[in-house]
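Undergrad:
Now the structure itself:
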């Protein structure tokens, strides 16, 4: 049984660690480390280097000296719990195809179910989507305006979609031709940043009257709109979903959970799982 357990441990952890290395420390590497911690010490892949000649007990050769195991505390309860998961679900550890099998057809392999401690025979018991989905594509839509300066209650703005046009001057209550936004606030402000340097924090706030979307334009900085989106993809690449900041959604394979998009960027998407109030970061592929 121990040899089978050792084979399974190496197969699970090696696969995930390799994936983590390829993705520069993304969630897969974290899952691999978490998986190692769940295993009994004698079944863990990480062990200290073999003893040096000076470490060998008198009368024994260096190669016959007992290896130094991981320093984590040994627990009979850990060993029992580890073996019990496989026995509980009648999984055959001697079958190399068992790791990638999906008995309940929920889209998650036995390997993924083991790491999440879910029931591999129940399609309603599955790992959370945050364990596997990735950011496939990020599309940023910017407000085609740049704030150049503010003088009192008036703001001087340049349109990036009309490079030959002269800057326009707006004040609170004005609208900009061709855009669904109304100026709701103009503020000229200077303050000290975290480094103690004086910085211009002037801004103009816009609102779309029909959707109540608010966009704040800082001096000389671009501002993205709510049309900015991210495409999420399942581990097998078969399921994709486009989300925007503020969206609340359920993944097709996990309809019992709801997630709210807190933020998105070209490198990651931050989700809040509403049932648990936990925040999860979805990394880029």
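In this note's numbering, the protein residues as written are 260 to 544.
Cβ atoms here follow ideal geometry from the backbone N, Cα and C, with glycine treated the same way.
These numbers were taken from a predicted model, which means no experiment stands behind them.
(1) Span of the beta strand (DSSP E) holding residue 442?
(2) Measure the CB-CB distance between residue 429 and residue 414 and report whether it falls below 8 Å.
(3) Taking residue 381 as the reference, give the member of 394, 498, 517, 513 with the closest Cα.
(4) Measure from the alpha carbon of residue 445 to the alpha carbon of each residue in 522, 539, 409, then state which is nearest.
(5) Please state if the CB of residue 386 and the CB of residue 348 are separated by a distance shorter than 8 Å.
(6) Determine, using beta carbons only, whether residue 443 and residue 466 come nearer to each other than 8 Å.
(7) Please go through the same chain and pick out, in chain order, the residues whose beta-carbon is closer than 7 Å to the beta-carbon of residue 407, but skip the five residues on each side of it.
(8) Please determine, among 403, 520, 515, 529, the residue with the shortest C-alpha to C-alpha distance to residue 383.
(9) Does DSSP put residue 503 in a helix, a strand or coil?
(10) On the criterion of 16 or more Cβ atoms from any shown chain inside 10 Å, does residue 493 qualify as buried, or is it exposed?
(11) DSSP three-state call for residue 547: helix, strand or coil?
TA: Concretely, from the data shown:
(1) Bounds of the beta strand (DSSP E) holding residue 442 are 441-446.
(2) Against a cut-off of 8 Å, the Cβ pair of residue 414 and residue 429 comes out as a contact.
(3) That would be 513, whose Cα lies nearest to the Cα of residue 381.
(4) Taking only the C-alpha atoms, the option nearest residue 445 is 409.
(5) Residue 348 places its beta carbon 8 Å or farther from that of residue 386.
(6) Between residue 443 and residue 466, the C-beta gap is smaller than 8 Å, which places the two residues in contact.
(7) Excluding sequence neighbours, residue 407 sits near 415, 416, 417, 426.
(8) Minimum Cα distance to residue 383 is reached at 515.
(9) The answer is strand: DSSP assigns residue 503 an E or B state.
(10) Buried, by the Cβ-count rule.
(11) Past the edges of the chain, shown from 260 to 544, lies residue 547, and the structure says nothing about it.
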